[in-house]
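Going by the numbering used here, 658 is the number at position 658 of the sequence shown; the sequence numbering is gapless. For every residue, glycine included, the Cβ atom is placed at its ideal position computed from N, Cα and C. Below is one structure, written out as structure tokens, with a few remarks after it.
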Amino acid sequence: MRTAKKMGIATVAVYSDADARSPHVLMADEAVRLGPPPAGESYLLADLILLAAKETGADCIHPGYGFLSERESFARACADAGIAFVGPPPKAIAAMGDKIESKKLAKAAGVNVVPGFLGEIDSTDHAVEIASGIGYPVMMKASAGGGGKGMRLAYSEQDVREGFEATKREGLASFGDDRVFIEKFIESPRHIEIQVMGDQHGNIVYLGERECSIQRRHQKVVEEAPSPFVTPKMRKAMGEQAVALARAVGYFSAGTVELIVSGADTTGEGFYFLEMNTRLQVEHPVTEAVTGLDLVELMIRVAAGEPLGFSQDDVQLNGWAIENRVYAEDPYRGFLPSIGRLVRYNPPESSETPYLSPSRLREGLGEGRAASANLSGTPLPQPLPQAGGGQEEAYTRVDDGVREGGEVSMFYDPMIAKLITWAPTREDAIDEQIAALDAFEIEGPGNNIDFLSALMQHPRFRSGNITTGFIAEEYPDGFHGAPADADLIEALAAIAAFAATAEADRARRIDGQLGKRLRPPSEWSVRIGDSDHLVSISTDGITVDDADLDIALEYTPGDRYVDAELDDAPLTVKISRTRTGFKLTTRGASHVARVLPAHVAPYAQHMITKIPPDLSKFLLCPMPGLLMRLDVGAGDKVEAGQPLAVVEAMKMENILRAEKAGTVKSVNAAPGDSLAVDAVILEME
């Protein structure tokens, strides 16, 4: 919509009841209600969307990221209704939408494909036979899947038997297709994709690659462009194969050819076709940042019949861009989905991407270009002569679809926002991400901001030595916050003591107090974790454990942030009051600081510690969701690791297993029940 407005094109939003107050509805010139929240009763009903387009007189429909299940039929319906579909032709969507058929087409077009079985799989036993023949590990995928849904990795026959039927169910629930195919899992894999763009005149180019290897449960978390692994020679080979595939199916508009790349193959030749996404990708902003091209504008112009106006030789990659997906999930509880109202939503300040006008990519192109007609028969406005492609100053961009006071519901994807940073170098782009994440404020549903910051600081990520197994390998026991070095802990102790001084100074100024006004303490005992620090505050500066600290900061009681400089480097810290001090959040972790006047602190050891209740005998629902299956009943004996129940949340099935052996005492829920977080499903003896 931002792009359309820049081009002078009016927009219409469609929405479900869950999105009635969403920003896209308020941004549009008109808005039309589709129906209730479930996507199958609103966003996936092509007839309702076409009716809305006709009622509002719309010339074209841009499907955004959606319509994964019936994209081809929707594109055909648009054509039959005389409304342009801002995307590829139906034939190309059909060819690439089926993962099984697309692999056959890719092989015929000379594209490298992963060894696997592309036929019909009759049963779980058949799946086991196929997997054994290919050789473990294998990947089971829903044929019509996407977005990380309908995928299971199997290292053994047991994994296939447990996961095959679940993969079929997820494929049917999310995409209306329960067919599954099995392929060899490439070990030490990197997920790299090529952005292609074509017009209706036979021109197709590739716009470089994106590295999307940082994934969790096969869903992308971090994307960057270019890839730290890809060489110019490799980029050319992958790009040419992607263009060959697009040309083989008569493709135009934006599309992404996804590849699995062997990180162990240093020749750069070990890349294989995974699938082609016939739509705009969530991660498209990083490509826009390094090419300076507005992909949405190009899609609209291509749909109107315009030629691209530039060739492969005109495409230049500039600098480095990184995108982090901010999800509504709790990394401290195994990344469980989270829902709820955004009590506070305050993203870092967003800059507009400095786009390079397509008509200015080549010298003299603008004057010699024939004016094309838009979908109403009148000339489209020519692209604005904006700067771009050669920017030098780093910038931050936030793409989101929420606002403070809105609600993250259980009906859709848990992504809250996309945080994009661009800088001349990869290291600078990563540092920009860390600073932006420190300034990203979300209260209400759980979120993964701490985890994203930890990823950006991780030495292995910063080295570029990453694979799709990065998160599982580096966080095998879950996420517990990014580690903080001694210097950061000392700085946090100083900030906590400084804030306590400010709070005490305000308290002493309250009117009507008996006696003379006391001065705030100048020495504080600050406990962070298991370590105590003596902090002295004076007009001469701050000392921590009798050592001077080079820190500058300001704090007024009530502030939610402290902007400090530590050794001349900026540091942003979120701060909130606790009963005995402050909670300080920065650099990928929250630290609870107990702050007491130095002369009071010794008495704290006499306080009785409250022991939390033992909940180990209860199976609690870890997230709001639907109880799909209950595998045990009262009186059943269970072993550690045995599946007890299956809960579906945000279209993903989650198997809940027994933490220890025991006997089921009672069952408190039944299949089909909608459960709240921490609802008791069953109790063990």
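Judged by pairs of C-beta atoms under 8 Å, the segment 221-240 touches the segment 193-211, as three or more such pairs exist.
Counting only the Cα atoms, Arg152 lies some 40 Å from Ile611.
Around the Cβ of Ser311, a 10 Å sphere holds fewer than 16 other Cβ atoms; the residue is exposed. Per the C-alpha coordinates, the member of Gly446, Ala321 and Arg325 positioned closest to Leu342 is Gly446. Phe117 sits close to Ile130, with the two beta carbons spaced by under 7 Å. Listed as beta-bridge partners of Glu120 by DSSP are no residues whatsoever. Beta-bridge partners assigned by DSSP to Ala106: none are found. Looking at the DSSP output, Leu566 sits in a beta bridge with Ile551 and Ala569.
Rounded to the nearest whole angstrom, the C-alpha separation of Ser409 and Thr266 is 44 Å. Residue Thr580 holds the alpha-carbon nearest to the alpha-carbon of Ala604 among Thr580, Arg629, Ser538 and Val632. Per DSSP, reduced to three states, the secondary structure at His126 is helical. Under the three-pair Cβ rule at 8 Å, the segment 171-191 does not count as touching the segment 242-253. Note on geometry: alpha-carbon atoms of Asp400 and Ile416 lie some 6 Å from one another. Minimum Cα-Cα distance from Asp313 among the listed residues Val282, Gly406, Gly633 and Leu207 corresponds to Leu207. By the Cβ rule, the segment 413-429 counts as touching the segment 318-328, because three or more pairs are nearer than 8 Å.
With respect to the C-alpha of Ala289, the residue from Ser522, Val398 and Ala491 having the closest C-alpha is Val398.
Secondary structure of Glu659 (DSSP, three-state): coil. Sequence-distant partners of Val261 (beyond 5 residues in either direction) whose C-beta falls short of 6 Å from its own C-beta, in its chain, are Arg190, Ile192 and Phe271. Around Ser576, the same chain offers Lys583 as residues with beta carbons nearer than 6 Å, after the five sequence neighbours per side are excluded. Remark: three or more beta-carbon pairs, one from each stretch, lie closer than 8 Å, so the segment 513-526 and the segment 582-599 are flagged as touching. The beta-bridge partner set that DSSP reports for Gly529 is empty.
Judged by DSSP secondary structure, Cys78 falls within the alpha helix (DSSP H) whose first and last residues are Arg71 to Asp80. Scanning its chain for C-beta atoms nearer than 6 Å, with the 5 sequence neighbours on each side dropped, one finds around Ala81 the residues Leu50, in chain order. Taking C-alpha positions only, Ile551 is separated from Leu571 by approximately 10 Å. Burial state of Met684 is buried, judged by a 10 Å Cβ sphere holding 16 or more other Cβ atoms. Contact between the segment 139-146 and the segment 88-106 is established, with three or more Cβ pairs separated by less than 8 Å.
Between the segment 463-480 and the segment 489-498 there are fewer than three C-beta pairs closer than 8 Å, too few to call the two in contact.
As the crow flies, the alpha-carbon of Asp568 is around 42 Å from that of Leu26.
For the pair Ala507 and Gly558, the Cα-to-Cα distance works out to about 13 Å. By the criterion of at least three beta-carbon pairs nearer than 8 Å, the segment 227-239 is not in contact with the segment 274-283. Nearest to Glu183 by alpha-carbon distance, out of Val573, Tyr136 and Gly163, is Tyr136. Per DSSP, reduced to three states, the secondary structure at Leu342 is coil, with no helix or strand assignment. DSSP places Phe335 outside both helix and strand once states are collapsed to three, so it counts as coil. Around the CB of Asn654, 16 or more other CB atoms lie within 10 Å, so the residue is classed as buried.
Judged by beta-carbon spacing, Pro348 lies within the 7 Å limit of Phe440, meaning their Cβ atoms are closer than that value.
Counting along the chain, the unbroken beta strand (DSSP E) around Ser213 starts and ends at Ile204 to Arg216.
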